[in-house]
Amino acid sequence: MTYRKILLLSSCILFFLGSIGADRAWAQKGKSPPAASVRTAFVIQREVEEKVALTGNVEAHLFLTLASRIEEIVDRGHVEEGQRVEKGQLLLSLEDQRLKLHLREARAVLREAKAALEQMQRDLKRKQSLYTKKSVPAKDMEDAFTSVERQRALMDRARERTAILEQDLADAKVRAPTAGVVVERLAYQGEWVKKGGPVLKLAVLDPLKVVVPVPERYVPRLKPGSSVRITADALPGEVFEGIIKAVIPEGDQNSRTFPVQIRIPNQTGHLKPGMLARVSLSVGNPHQALLVPKDALVIAPGNRYQLVVVKKGRATHLPVELVTSHKDLWELKGPLKPGMQVVVSGNERLRPGQPVMVLGKKDKRGTDK
212 MTYRKILLLS SCILFFLGSI GADRAWAQKG KSPPAASVRT AFVIQREVEE
262 KVALTGNVEA HLFLTLASRI EEIVDRGHVE EGQRVEKGQL LLSLEDQRLK
312 LHLREARAVL REAKAALEQM QRDLKRKQSL YTKKSVPAKD MEDAFTSVER
362 QRALMDRARE RTAILEQDLA DAKVRAPTAG VVVERLAYQG EWVKKGGPVL
412 KLAVLDPLKV VVPVPERYVP RLKPGSSVRI TADALPGEVF EGIIKAVIPE
462 GDQNSRTFPV QIRIPNQTGH LKPGMLARVS LSVGNPHQAL LVPKDALVIA
512 PGNRYQLVVV KKGRATHLPV ELVTSHKDLW ELKGPLKPGM QVVVSGNERL
562 RPGQPVMVLG KKDKRGTDK
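Each residue of the sequence shown is one higher than the one before, starting from 212 at the first, in my numbering.
So, in structure tokens, the structure goes:
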């Protein structure tokens, strides 16, 4: 029992004992105790679902390390660290003069091979005509056919060589595979990079990922695809909507929590990796509940709770059981009905059956103004 609860319970007991003496005094005078001024609210019924508030960390959806597809010297970089880039944007250029020369040579070889093949095909066609007239021997026909096939293979090889060099020339320009933010440059002008060598790190920040450690008792209730409400201390007033992407089935043995990944759109770019995220997770099915303001609760002897209900102008104490809180309201179990008038101010000093005078008018929520 906390110190606050002990103090409140002790005050209630002392007041109760004192009130017995006061009641006897009024009874001896033949009068009823004066009506106590109170403020009230109504028991309301509405659909709720159990939620749990947890904290997690904002992380990048992906971290990409971009690599060079060819070996070459860096010509220049086109972006700086921290810069947002779009898909296909040029990030880094490698020197390409040597590639252009090799490509020019390969295209010339391809043209030569094509011309030679066309000449051999004409020769083959002429010999086929002469062969039908039995003007050339069969071996000449076979040799001509073999030469055409050999030359066709040489031309295919030249075409493949040309395509490879064209691709190498395109790969001399390193472009963003997706939209993101440049995290780190790893290669600078004049440096030699090997094939497969890292040149730049890119973070994908839309969508983002929020990782939340969830206590094991809530994990079976989570469903991938469920909506999640997220706020960040660094962005007061902003509310973000995400969805549960995955529940990682490997928990922490010390804290008995399991990491839950939440995907959240970030078109504005306001959220940043490393920020603290506050997450509200639904961990129960929607159901009808009886709710009262938290100020309606009174601690009774035995560390139990009760409400003070106004019936026919008098205070009636009802035992209740706390279920869970929903912001400033508490869900209760007990002999309650929607519309019951409960005391929210002055309830600690009321005795069973004591007359009460309700102050103020009721607003739409049933709370005194």
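From the three backbone atoms N, C-alpha and C, an ideal C-beta is built for every residue, glycine too.
I need the boundaries of the alpha helix (DSSP H) containing residue i, first residue and last residue.
i	result
I375	349-382
Q330	308-343
Compute the Euclidean distance between the alpha carbons of residue i and residue j, then round it to the nearest angstrom.
i	j	result
K523	V494	40 Å
E371	R309	18 Å
S304	V422	36 Å
L533	W541	7 Å
R467	G550	42 Å
V254	V554	10 Å
A317	T373	5 Å
G391	I455	22 Å
R396	P388	16 Å
V347	A364	26 Å
K336	Q378	36 Å
P426	A500	25 Å
V320	G288	34 Å
Q517	H481	46 Å
G571	S248	10 Å
D354	H313	33 Å
L416	T276	15 Å
Q332	G408	46 Å
G564	A526	5 Å
G453	R474	5 Å
V567	E260	35 Å
F274	A414	5 Å
K406	M352	48 Å
V359	R386	42 Å
A349	Y342	7 Å
P245	V569	13 Å
Y399	S279	13 Å
L301	K384	7 Å
A445	G513	43 Å
D506	L543	13 Å
L492	K311	58 Å
R322	D334	19 Å
T357	L328	12 Å
Q464	E402	47 Å
R432	V296	39 Å
R515	R428	25 Å
A324	I375	17 Å
G462	K298	36 Å
P447	Q294	25 Å
N268	V290	28 Å
V263	I284	55 Å
Per DSSP, which residues does residue i bridge with? Please list them.
i	result
G453	V439
K522	R525
D463	T468
R428	Note: R428 sits in no beta bridge, so no partner.
L446	DSSP lists no partner for L446.
S491	A264, R440
P563	None, per the DSSP bridge assignment.
P409	A278
E395	K412
T535	E542
D256	First, the residue type needs correcting, since residue 256 is Gln and not Asp in the sequence shown. Answer is L501.
L419	A271, I475
What residue does the beta strand (DSSP E) around residue i start on, and which one ends it?
i	result
D539	Element bounds for D539: n/a, residue is neither H nor E.
D286	283-288
R250	247-253
L302	301-305
M568	567-569
P470	468-475
L277	262-278
Q294	That residue, Q294, is in no beta strand (DSSP E); it is neither H nor E in DSSP.
Q552	552-556
I believe residue i touches residue j by the beta-carbon criterion, under 8 Å. Please report the beta-carbon distance rounded to the nearest angstrom.
i	j	result
V597	V458	A question about residue 597 goes unanswered here, because the residues of the chain that appear run from 212 up to 580.
I441	A488	5 Å
V503	A271	The pair is not a contact, with the Cβ atoms about 44 Å apart (cut-off 8 Å).
V430	L265	The pair is not a contact, with the Cβ atoms about 12 Å apart (cut-off 8 Å).
E292	V394	7 Å
L561	P546	No, L561 and P546 are not in contact; Cβ-Cβ is about 18 Å, not under 8 Å.
L380	D286	Their Cβ separation, rounded to whole angstroms, is 13 Å, which puts L380 and D286 out of contact at 8 Å.
V520	E559	V520 to E559, Cβ: 15 Å. No contact.
R250	S437	About 39 Å; that fails the 8 Å criterion.
P418	N477	6 Å
E282	V410	The pair is not a contact, with the Cβ atoms about 12 Å apart (cut-off 8 Å).
query: What residue ranges within the segment 493-517 form continuous beta strand (DSSP E) runs of no fewer than 3 residues, ordered along the chain?
result: 498-504, 509-511
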